[in-house]
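Q: Dropping a structure here in structure tokens format, bear with me for questions.
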Amino acid sequence: GAGVSQTPSNKVTEKGKYVELRCDPISGHTALYWYRQSLGQGPEFLIYFQGTGAADDSGLPNDRFFAVRPEGSVSTLKIQRTERGDSAVYLCASSFQGLGTGELFFGEGSRLTVL
Amino acid sequence: QKEVEQDPGPLSVPEGAIVSLNCTYSNSAFQYFMWYRQYSRKGPELLMYTYSSGNKEDGRFTAQVDKSSKYISLFIRDSQPSDSATYLCALDNYGQNFVFGPGTRLSVLP
Numbered sequence: 001g002a003g004v005s006q007t008p009s010n011k012v013t014e015k016g017k018y019v020e021l022r023c024d025p026i027s028g029h030t031a032l033y034w035y036r037q038s039l040g041q042g043p044e045f046l047i048y049f050q051g052t053g054a055a056d057d058s059g060l061p062n063d064r065f066f067a068v069r070p071e072g073s074v075s076t077l078k079i080q081r082t083e084r085g086d087s088a089v090y091l092c093a094s095s096f097q098g099l100g101t102g103e104l105f106f107g108e109g110s111r112l113t114v115l
Numbered sequence: 116q117k118e119v120e121q122d123p124g125p126l127s128v129p130e131g132a133i134v135s136l137n138c139t140y141s142n143s144a145f146q147y148f149m150w151y152r153q154y155s156r157k158g159p160e161l162l163m164y165t166y167s168s169g170n171k172e173d174g175r176f177t178a179q180v181d182k183s184s185k186y187i188s189l190f191i192r193d194s195q196p197s198d199s200a201t202y203l204c205a206l207d208n209y210g211q212n213f214v215f216g217p218g219t220r221l222s223v224l225p
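Listed in order, the protein sequences are those of chains L and W.
Its first residue numbered 1, the first sequence is counted upward by one per residue in the numbering used here.
Its first residue numbered 116, the second sequence is counted upward by one per residue in the numbering used here.
Structure below.
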């Protein structure tokens, strides 16, 4: 498909485990964003990539969270030592140019449940 | 004070009604104003995008921005059951990141 693809769509894990969430953006989009959305809340910014580099990682809540985009396309969000409070939908979005252009194209999200 | 505030609803209206959705924000540095629609268990999708104060119309949707009051609105005319979704305002401080409001859940009853 031509849209943003996220895998897995659902992930259930136990407290303390390591989790990886993958995002495949729209081909040609240089900007990639990760957001986290808790129930009844709007998306909360985590990190923004322009190409391979993290242009803004100020939204990562702590050092258990890390994201990479080694080739400027697919990105992986990594969460170490998961906690129950990490349960949320993790949304990935991509954009042709990034900030100031208005449109982010979102995937359907990865729903993470930490037991 | 949160950066972006929005009445969470839920807001229920009959089919055909005019719907008014609003956001207020605190940071005057925001330059771009967007409305996203999010259906249940889906990612948000862009509805409207504006840069300047004033109105912008697209079909049944009108976005209104008042930068002096730090207030943005989305009006939906002739609302349809298919408009039932959560509506998120989003603001962009050029050079930083998009900030989303908490969303207003809308139900349009047939």
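Cβ coordinates follow ideal geometry from the N, Cα and C atoms, glycine included.
In this text the structure is predicted, and so the values were computed from the model without any measurement.
Could you spell out where the beta strand (DSSP E) holding V89 (chain L) opens and where it closes?
A: Within the first sequence, residue 89 (chain L) is the residue found at index 89, counting from 1. First-last of the beta strand (DSSP E) with V89 (chain L): 88 to 95.
Q: With distances taken Cα to Cα, identify the nearest neighbour of D53 (chain L) among L:P43, L:G72, L:G59, L:S38.
A: Taking the first sequence and counting its residues from 1, the one referred to as residue 53 (chain L) is at position 53. According to the sequence displayed, residue 53 (chain L) carries Gly and not Asp. Out of L:P43, L:G72, L:G59, L:S38, L:G72 has the C-alpha closest to the C-alpha of G53 (chain L).
Q: Does the beta-carbon of T113 (chain L) have 16 or more other beta-carbons within 10 angstroms, so that it is buried, or is it exposed?
A: The residue you call residue 113 (chain L) lines up with position 113 of the first sequence. T113 (chain L) is exposed by the Cβ-count criterion.
Q: Output yes if chain L places a C-beta closer than 8 Å to the C-beta of E160 (chain W); else output no.
A: As a working note, residue 160 (chain W) is residue 45 in the second sequence. It does: the Cβ of E160 (chain W) has a partner Cβ on chain L nearer than 8 Å.
Q: Around the C-beta of G218 (chain W), are 16 or more other C-beta atoms found within 10 angstroms, so that it is buried, or is it exposed?
A: Position 103 of the second sequence holds residue 218 (chain W). Counting Cβ neighbours within 10 Å, G218 (chain W) comes out buried, since at least 16 surround it.
Q: Kindly list the residues whose CB is nearer than 7 Å to the CB of K185 (chain W), restricted to its own chain and excluding five residues on each side of it in sequence; keep chain order.
A: Here residue 185 (chain W) refers to the residue found at position 70 of the second sequence. Counting only Cβ-Cβ distances below 7 Å, and skipping sequence neighbours, we find T139, Y140, S141, S143.
Q: L161 (chain W): beta carbon under 7 Å from a heavy atom of the ligand SAH?
A: In the structure shown, the ligand SAH is absent, as is every other ligand, since no ligand is present at all.
Q: Can at least three beta-carbon pairs, one atom from the segment 191 to 211 of chain W and one from the segment 149 to 165 of chain W, be found at a separation below 8 Å?
A: Judged by Cβ distances under 8 Å, the segment 191 to 211 of chain W makes contact with the segment 149 to 165 of chain W, as three or more pairs qualify.
Q: Do we get a CB-CB distance below 8 Å when we pair F66 (chain L) with the residues of chain W?
A: As a first step, residue 66 (chain L) is located in the first sequence; it is residue number 66 there, counting from the start. No, F66 (chain L) does not count as interfacial toward chain W.
Q: Using a beta-carbon distance below 8 Å, is F49 (chain L) in contact with chain W?
A: Stepping through the first sequence from its first residue, residue 49 (chain L) is reached at position 49. No, no contact with chain W.
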